[in-house]
Each structure stands twice: as C-alpha cells, then as structure tokens.
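*Asks:*
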Ligand code: MN3
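Residue numbers (my numbering): 70 to 310.
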C-alpha cells in the first residue's frame with residue numbers, strides 16, 4: 070500500500086466522523102475516497118441531485134435545474150460512456166484510426182461530468198462564507214475573501230463563449246488558484262483539484278437571466294455552499310500530501 074492509498078483508506082474509515090453524514094459529498098467520499106462518478110466496472114454514473122429541483126429558487130429556477138441536470142449533465146455522462154466504449158473497442162479491434170477523436174471527446178464529456186457533479190454540491194439555499202482552513206488559504210493566496218470573490222466573478226463573467234470559473238487547490242504550488250475554463254476541459258493546470266466551480270454555459274442561466282450572465286454570476290454568490298468547498302479542500306489536502 071502506498072502513501073496515497075493509505076491516506077484514501079484512512080479517509081474512508083474516518084469519513085463518517087469528519088464530514089456531516091447527510092451530505093451527498095460525504096457519502097461519496099465514504100464510498101469511493103472522492104466523488105463517486107463510476108461504477109465497479111469503471112463506467113460513468115450520475116449521482117442523484119442532492120436537493121429538489123426548486124431548492125435553489127429564486128436564484129436558480131426550478132426548470133433550469135431540471136433541464137440542466139437531466140439533459141446537459143445527463144447527456145454528458147451518456148456521451149462519456151459512449152466514447153469510453155469506443156476507445157475500448159478500438160483497442161480490442163486493434164483499429165486505432167479514430168482514437169484521436171474519441172480521446173478528445175472523452176476528455177470533453179468526462180470533464181463535463183466531473184464539473185457538473187461538483188457544481189451541484191457547491192450550491193445550497195442559503196448564503197454562506199468561507200471559514201477555517203479554507204479562509205486562511207484564501208487570505209494567503211488572494212489577500213482576502215472579497216478579493217477572491219471579485220477575481221472569481223470577473224473570471225467567470227469574462228469566459229469567451231461557454232465555460233467555467235473555477236477555484237481550485239493546486240498541489241504542486243500548495244496554493245489556491247482561480248482558473249478560467251473554456252468548454253469543460255480547456256485552460257486547466259495539471260493537478261488542480263476543483264473546490265468551487267461556476268457554470269457559465271448559456272444553458273445554466275438563459276431561461277431566467279437571458280443574456281445577462283453577469284447578473285447570474287453575482288446572484289450565485291447568494292447560494293454558494295462554502296462548507297462544501299471547505300470539505301473539498303480538506304479532502305484535496307489529505308489526498309495530495
Ligand atoms: Mn452546465
């Protein structure tokens with residue numbers, strides 16, 4: 070057993086006492102060491118939403134949550150499985166002409182699955198603020214919570230086309246970083262563990278906010294679940310040190 074496996078096993082054993090037992094994220098950590106996005110055969114699975122479709126009202130409307138989770142996230146899971154199967158078949162058939170395309174598509178669709186899965190757990194129905202170790206590291210990396218908020222909001226609002234604003238832990242620098250992601254997989258840094266992700270694809274806001282992406286991003290700060298981001302930082306520190 071290497072150090073990482075040991076830490077993962079320790080985390081699983083200790084998970085129940087470390088994290089609120091009713092959190093979907095905590096349940097995933099206990100089951101799999103981190104968010105459980107695959108079944109025992111390695112195929113991708115979509116976890117249930119951790120709340121009802123109307124839970125994020127009025128900042129995120131019920132219909133948007135339903136369509137977003139069911140079709141945009143759901144179809145990404147189906148597509149990721151499709152390209153995974155195609156790559157397996159290409160290898161079985163020793164016919165590698167299409168693996169270039171299939172690998173790029175798998176990266177896009179699985180990244181969508183990862184980010185959407187994190188996104189749902191990052192949201193709640195009340196305003197929270199970062200505390201504890203997360204706040205300490207925010208202060209260290211960005212100067213203050215207000216500075217981080219302004220940076221993250223600006224980065225998310227200014228994505229060219231569809232993408233995400235992301236707060237992540239970068240283990241190679243032992244620091245928090247804000248990333249601007251295009252589509253679901255571009256402009257990342259190797260190793261970054263996402264803690265808080267903001268979906269600025271038009272499907273995330275267009276029904277309610279129309280073309281006003283900036284209003285949507287500002288509104289999201291009323292329902293960000295910073296406790297979940299803090300749990301994710303705790304997990305990232307345990308798994309990467
Ligand atoms: Mn989306």
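Built from N, CA and C at the ideal position, the CB exists for glycine as well.
The ligand MN3 and residue 182: does any heavy atom of the ligand fall closer than 7 Å to the residue's C-beta?
*Replies:* No, the beta carbon of residue 182 sits no closer than 7 Å to any heavy atom of the ligand MN3.
*Asks:* Does the segment 111-118 touch the segment 141-161, meaning 3 or more C-beta pairs lie closer than 8 Å?
*Replies:* Yes, since at least three Cβ pairs between the segment 141-161 and the segment 111-118 fall closer than 8 Å, the two stretches touch.
*Asks:* Rounding to the nearest angstrom, what Cα-Cα distance links residue 167 and residue 295 in this structure?
*Replies:* Between residue 167 and residue 295, the C-alpha separation is close to 42 Å.
*Asks:* Hey, is residue 189 close to the ligand MN3, as in C-beta under 7 Å from one of its heavy atoms?
*Replies:* Not so, every heavy atom of the ligand MN3 lies at least 7 Å from the Cβ.
*Asks:* Helix, strand or coil for residue 233 per DSSP?
*Replies:* Three-state DSSP puts residue 233 in a strand.
*Asks:* Tell me the rounded alpha-carbon separation between residue 259 and residue 267.
*Replies:* So the alpha carbons of these two residues sit roughly 19 Å apart.
*Asks:* Judging by CA-CA distance, which residue of 292, 308, 307 is the nearest neighbour of residue 128?
*Replies:* Closest by alpha carbon: 292.
*Asks:* Using 10 angstroms around the beta-carbon of residue 171, count the other beta-carbons present and answer buried if the total reaches 16, otherwise exposed.
*Replies:* Answer is buried; the Cβ neighbour count reaches 16.
*Asks:* Buried or exposed: which applies to residue 90, given that a residue is buried once 16 or more other Cβ atoms fall within 10 Å of its Cβ?
*Replies:* The predicted position of residue 90 is uncertain, since its pLDDT is 48 and thus under 50; a value taken from the coordinates is nonetheless stated next. By the 10 Å Cβ count, residue 90 comes out exposed.
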